[in-house]
């Protein structure tokens, strides 16, 4: 079992701050005055508040008080179970659950021995100062892992050369066709015998010549644990589903085919999860409909399609292709809410008065027929120019959405926006340009309505019956206190102090920071750092709140074509609407939730890897070119900088900076020249040139020209 620390969810803000200081200090026994001296001004705590917090923490067993007025943190050495992971830089760590969150506990690579990435291990975890570390570990279970690798074939032996540091070449067992020498393949590594010099593995699939787009994208998909092909039993089961939807499929559904209903999606979208509708009741109230593809009608629990969808957990969106969770017959046809054809949906219909108060909502299975498929750009043109198809309806949609967006932000929702990089390719599928995806009101319109539906479903199930019914939620916790304090210090150094005195002030400060830094070169850096300060949102059966959205209850209901938790939400909601009695236990749901969170993280990593690969490939044609950049990160091994024109981040290695020897100051995140006193800070504009790129390793190196 992963080790659990004491539940800290109920401790006060001062107690959180004091506990973070104690645990991160690393100096053993301290008194209230010593703790108070280390608390940042942004926390707004008095010495008396610190003393009271220490006493309460001691009374609750969260800190020790070995003598009157002297306190020490509890730093247990705990036997824990986790999975051994190898980072792209070649560092090993153990991924395990710590204090309710997945954590990465690093270790000395010399400890690995004959262990392999993916192995389930038992480890002795200790904490010293700010860091936890692995003191010892042993093998519990060997879990074969798949990698992309380049084949090196000799007369009698074949090896797979991995594209990452930290793991020896893999000796291939079995016959290997010599014509595949130098090709990339998927390798399954399954053992490291005691007397062997190299781990052993087998070839799962030959991908093709190194550097081809299909080869490299398939390699990324495999690296993160996804399959490009569906199993035979899944495809056979899918083939057996009738190709058309008829009235026999309707059952007791509400027939909504005649109402005004549209979809708004990316121009290149193939799967349409959601549609929206607008009608009026006899009192003139709005009837705002959110209609979601009814995947649960076609995918039954325990079927081959269901098992594969659960295993995948999510669709994966690479830069030039999608790896769907469901076979295309379902994802882009029968389930997809295409225009002018009857489609099955699970709907939420809100009754909203003229003052835009929600009077109630209805949930149920429906049949719909979309009247128009809009791309986001098309819908935006209609809204802005007040001309085109359904201008009145789109304008009303936009007005309603803006109101509820304002309501959400007034309640404290965070206003973060991440940049999404897109690419343009030439006729040979080579990337020629990177650009930032533009966000329109039409995007926010759909986003707001989906958030409303997700929240409504979670609130309905949460309050349907006591005791509460088992359900899967999308939860987002408060930021970890140590990260929050570190971010507050950095903001102060950058000239943008924030108030983290309590949750309300913290929300307000984060949003004010985003507004104040708009147009500032440091704004994007601060926003990205703020996002990294946040906890990760996860699926869980045990809590329903969402900090980032400022929702007390939240789930994912609106994308069952591409997210397995949404499919489970549909099944549970339908059951509870007809008979509010448990059909799954919380522990069963939690297993699915944890797996879904894990696959979501892997999908995000695969998507980032495909972006990094494509950027590195694109920058090959710009070797030696001089360009403007902004410093986005400073470490002891170099400077990370974002090239403004090309939206790519590269590393200026310390060994390549010849003008001076630099000292790294971690707290201030800066470098200072020992001779020239020249300093480099986060957000500084600099000039760089492209030194080299390695698309296989997904890296770009810059020279510093300042």
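Residue numbers (the working numbering): 37 to 742. We put the CB at the ideal spot given by N, CA and C, even for glycine.
Collapsing the DSSP output to three states places residue 578 in coil. Leaving aside the five residues that flank residue 291 on each side, the residues in its chain whose CB is nearer than 6 Å to its CB run, in chain order, 403.
By the C-beta density criterion, residue 89 is buried, having at least 16 other C-beta atoms within 10 angstroms.
Assignment of residue 682 by DSSP, reduced to helix, strand and coil, places it in the coil class. The residue among 734, 130 and 243 with its C-alpha nearest the C-alpha of residue 160 is 130. For residue 187, the beta-bridge partners assigned by DSSP are 196. Put simply, of 315, 471 and 477 the residue whose alpha carbon is nearest the alpha carbon of residue 435 is 477. In the displayed model, residue 482 falls within a helix according to three-state DSSP. Cβ contact annotation for residue 585 (same chain, cutoff 6 Å, sequence separation greater than five): 449, in chain order. Shown here for residue 472: same chain residues with a beta carbon closer than 6 Å to its own, the five before and five after excluded, namely 455 in chain order. Beyond the five residues adjoining it in sequence on each side, residue 273 comes within less than 8 Å, by CB distance, of 339, 340 and 341 in the same chain, given in chain order.
One thing to note: residue 357 has its Cβ within 8 Å of the Cβ of residue 253.
Assigned with DSSP and collapsed to three states, residue 621 falls in coil, not helix or strand. Rounded to the nearest whole angstrom, the C-alpha separation of residue 526 and residue 316 is 51 Å. Here the C-alpha atom of residue 313 lies approximately 9 Å from the C-alpha atom of residue 406.
The straight-line gap separating the alpha-carbon atoms of residue 437 and residue 732 is approximately 44 Å. With 16 or more other Cβ atoms inside 10 Å of its own Cβ, residue 55 counts as buried. Put simply, the segment 651-663 does not touch the segment 375-383. Fewer than three CB pairs are less than 8 Å apart.
In the three-state DSSP reduction, residue 458 falls in the strand class (E or B). DSSP, reduced to helix, strand and coil, places residue 502 outside both helices and strands of the structure shown, so it counts as coil. Looking at the backbone, the Cα of residue 390 and that of residue 429 are separated by about 15 Å. By the CB criterion at 8 Å, residue 212 and residue 236 fall outside the cutoff.
Straight through space, the alpha carbons of residue 616 and residue 501 are spaced by roughly 7 Å. A distance of 8 Å or more separates the beta carbons of residue 503 and residue 411. Residues 345, 346, 349 and 632 of the same chain have their beta carbon placed closer than 6 Å to that of residue 600, with the five preceding and five following residues left out of the count. Using a C-beta cut-off of 8 Å, the segment 317-332 makes no contact with the segment 229-244, since fewer than three inter-stretch Cβ pairs fall below that distance. Counting C-beta atoms within 10 angstroms of its own C-beta, residue 521 has 16 or more neighbours from the protein chains shown and is therefore classed as buried. Restricted to the segment 245-302, the beta strand (DSSP E) segments that are unbroken, complete and at least 3 residues in length are 297-301, listed in chain order. A straight line joining the alpha-carbon of residue 604 with that of residue 337 spans about 9 Å.
By the neighbour-count definition (other C-beta atoms within 10 Å, threshold 16), residue 116 is a buried residue. Between the segment 509-521 and the segment 606-623 there are fewer than three inter-stretch CB-CB distances shorter than 8 Å, so the stretches are not counted as touching. The segment 522-572 contains, as complete alpha helix (DSSP H) runs of 4+ residues, the segments 539-552 and 557-569 (chain order). For residue 75, no beta strand (DSSP E) segment is defined, and its DSSP state is neither H nor E. When secondary structure is reduced to three states using DSSP, residue 659 falls in the coil class, being assigned neither helix nor strand.
DSSP places residue 588 in no beta strand (DSSP E); its state is neither H nor E. Within its own chain, the residues whose Cβ lies closer than 7 Å to the Cβ of residue 722, once the five positions on either side in sequence are excluded, are 665, 667, 677, 740 and 742, listed in chain order.
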